[in-house]
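The sequence shown begins at 203 in the working numbering and counts up by one.
I have placed the structure first, in the form of structure tokens, so that the comments after it can refer back to it.
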Amino acid sequence: MNHYCTYFDRGFLVQGLALWRSLEALDPEAVLWVLALDDVTHEILHDLKAPGLKAVSLGELEAADLQLAAAKDNRTRVEYYFTLSPCWPRWLLATQPGVERITYLDADLFFFANPAPIFTAMEVARASVLITAHRFPSWLEHYEKHGRFNVGVLVFRNDLTGRACLDHWRAQCLEWCYDQLEDARYADQKYLDQWPTQLGASLLVLDHPGVNFAPWNWAGASVNAPRHAKYAATQLSINGSPLIVFHFARYREAADSRWSHAGQLDYGVMPYRLRNAIYGPYSRALAAARAEVLTRSPGFMRAKISRRSGREFWRTLPLRIVFGGAWLRIGGRFHNLRFGLGRWSGQCLAALRRLRFRK
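As structure tokens, this is what we get:
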């Protein structure tokens, strides 16, 4: 039995439920532990009565971890959420009998294939901890200043090394976990840069390109689909490996579902076929999850897409005019309306950045 954990508030409830349904379909014996960050989320998840879905209130974790609760007073809400990343799986390993290994997942992940290869690789390597690199293409490597590794998929074995890693990471995040770069630190994420040195052979940096495939690394990968088959996410080959789990970071749908903010402008906007193969099934999963939530909470409103304003609006306006940045949904397909030009946005922005900072 594979145990997973994540956390989210009502703003990510629909995404979190879509994640659970993908796990339920592809890993039927999975258990997903959700740290519910508000009462609405806890009530709706509890009301689902899904055997493999376990909701725990934030208050229960804070009551057991007073140092964590105290940290709420010296950081923003988002920074406090970052601080939860090590505390939540650590608490589960300490309190839930039978959890031999816990897999942390960001709430905006979605599975397209069984995650068994992740755990097989970990067993072969005899590792206690597993992480994934961002795998930025060369023109995006400047983003590594925020961390070489991504917190989206992490695995910790319930042994001395796995628990010690979580203990140390928790202590670091309790001391400092802010949404800014400072002294080689950034939020909960840049601490992971130290793990290869600290953990040595006990750490597996998973090199499977289909795990934590994301907006920031798709453009540097070789993506293929069988010519005889319909272009579908389940048949995609990423550098010769199947797509297992995609990270839908920054993706937001407008209230009427006609427009979606892809969040890919900084990296490169996916071309039409790949975009619809991956984001199409996810959008349908979000719609199904939203309907599920509404049957239990008819007054539930999805989180609104924040509007850019002021200096940020004008700074990005020329980029959005040229490359797009929002997708129009027509007949169930996502259109960027830039005739494929959007895929070059990441490389163009990187070139502009080099010109700006060239001495």
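In this text, a Cβ means the ideal position worked out from N, Cα and C, and glycines have one as well.
Report the rounded CA-to-CA distance for residue i versus residue j, giving the unit in angstroms.
i, j, result
"E262", "F351", "30 Å"
"Q549", "L521", "12 Å"
"S259", "L488", "23 Å"
"K561", "A553", "Note that K561 scores 44 on pLDDT, short of 50, meaning its location in the model is unreliable; the coordinates nonetheless yield the value given after this. Between K561 and A553, the C-alpha separation is close to 14 Å."
"D308", "A327", "24 Å"
"G399", "Y206", "Sequence inspection shows Thr at residue 399; the Gly mentioned does not correspond to that position. So the two alpha carbons sit approximately 26 Å from each other."
"E494", "R556", "47 Å"
"E264", "V280", "16 Å"
"R510", "L295", "With a pLDDT of 48 at R510, under the threshold of 50, the modelled position of that residue is not reliable, and the figure given next carries that caveat. Rounded to the nearest angstrom, the two C-alpha atoms are 41 Å apart."
"P428", "Q437", "7 Å"
"T297", "W546", "48 Å"
"M203", "L551", "44 Å"
"A491", "S485", "10 Å"
"A421", "H449", "14 Å"
"V233", "L543", "42 Å"
"S462", "R454", "6 Å"
"P253", "R212", "21 Å"
"Y282", "W378", "10 Å"
"R477", "D240", "33 Å"
"G465", "A416", "11 Å"
"V609", "T518", "Examination of residue 609 is not possible in this model, given that the chain is present from 203 through 561 alone."
"R359", "D395", "19 Å"
"I440", "P483", "18 Å"
"L406", "W397", "10 Å"
"W371", "P319", "26 Å"
"A457", "R535", "17 Å"
"I480", "D229", "19 Å"
"R292", "E343", "31 Å"
"L215", "L401", "34 Å"
"P288", "S404", "18 Å"
Here's the rule: buried if 16 or more other CB atoms are within 10 angstroms of the residue's CB, otherwise exposed. What is residue i?
i, result
"K392", "buried"
"F541", "exposed"
"W222", "buried"
"T334", "buried"
"N276", "exposed"
"G564", "As shown, the chain starts at 203 and ends at 561. That puts residue 564 outside it, with no answer to give."
"L250", "exposed"
"R285", "Rather than Arg, the amino acid found at residue 285 in this sequence is Thr. When all chains shown are included, T285 counts as buried."
"R558", "exposed"
"Q217", "buried"
"P500", "exposed"
"A220", "buried"
"S224", "buried"
"G412", "buried"
"D310", "buried"
"I446", "buried"
"L539", "exposed"
"A435", "buried"
"G442", "exposed"
"R475", "exposed"
Over the uninterrupted beta strand (DSSP E) stretch that includes residue i, give me the two end residues.
i, result
"G412", "Segment: none, G412 is in no beta strand (DSSP E) and carries neither H nor E."
"A238", "233-238"
"G354", "351-359"
"L311", "311-313"
"F502", "F502 -> no beta strand (DSSP E), and no H or E assigned at all."
"Y209", "205-210"
What span of residues does the alpha helix (DSSP H) with residue i cover, start to end?
i, result
"R365", "362-377"
"Y484", "474-498"
"S224", "215-228"
"P398", "397-401"
"D249", "241-250"
May I ask whether a heavy atom of the ligand NAD can be found less than 7 Å away from the beta carbon of residue i?
i, result
"A403", "The ligand NAD is absent from the structure shown, which contains no ligands of any kind."
Counting only beta-carbon atoms, is residue i nearer than 8 Å to chain C?
i, result
"G218", "No chain C appears in this structure, which consists of one protein chain only."
Checklist line | beta strand (DSSP E) runs contained entirely in the region 317-347, provided each spans 3 or more residues | finding: 331-335
Checklist line | Ranges of the beta strand (DSSP E) found wholly within the region 508-549, counting only runs of at least 3 | finding: For the beta strand (DSSP E) assignment, the uninterrupted runs of no fewer than 3 residues enclosed by the region 508-549 are, from N- to C-terminal side, 528-532, 535-537.
Next item on the list: Could you name each continuous beta strand (DSSP E) segment of 3 residues or more that falls completely within the region 415-465, going from the start of the chain to the end?
Entry: Listed in chain order, they are 447-449, 461-463.
Notebook entry, point to check: Does the region 355-365 come close enough to the region 317-337 that 3 or more CB-CB pairs lie under 8 Å?
Noted result: yes
Next item on the list: Run through the region 257-309 for me and flag every whole beta strand (DSSP E) of 3 or more residues, listed as ranges in chain order.
Entry: Within the region 257-309, the complete beta strand (DSSP E) runs of at least 3 residues are 303-307.
Next item on the list: Taking 8 Å as the threshold, find out whether the region 336-349 comes into contact with the region 296-305 through three or more Cβ pairs.
Entry: no
Note to self: When you compare the region 267-283 with the region 244-253, are there three or more beta-carbon pairs, one atom per stretch, that lie closer than 8 Å?
What the structure shows: no
Check: Quick one: any contact between the region 372-388 and the region 313-328, if contact means 3 or more CB pairs under 8 Å?
Finding: no
Next item on the list: Flag this pair as touching only if the region 460-473 and the region 207-220 have three or more C-beta atom pairs under 8 Å; answer yes or no.
Entry: no
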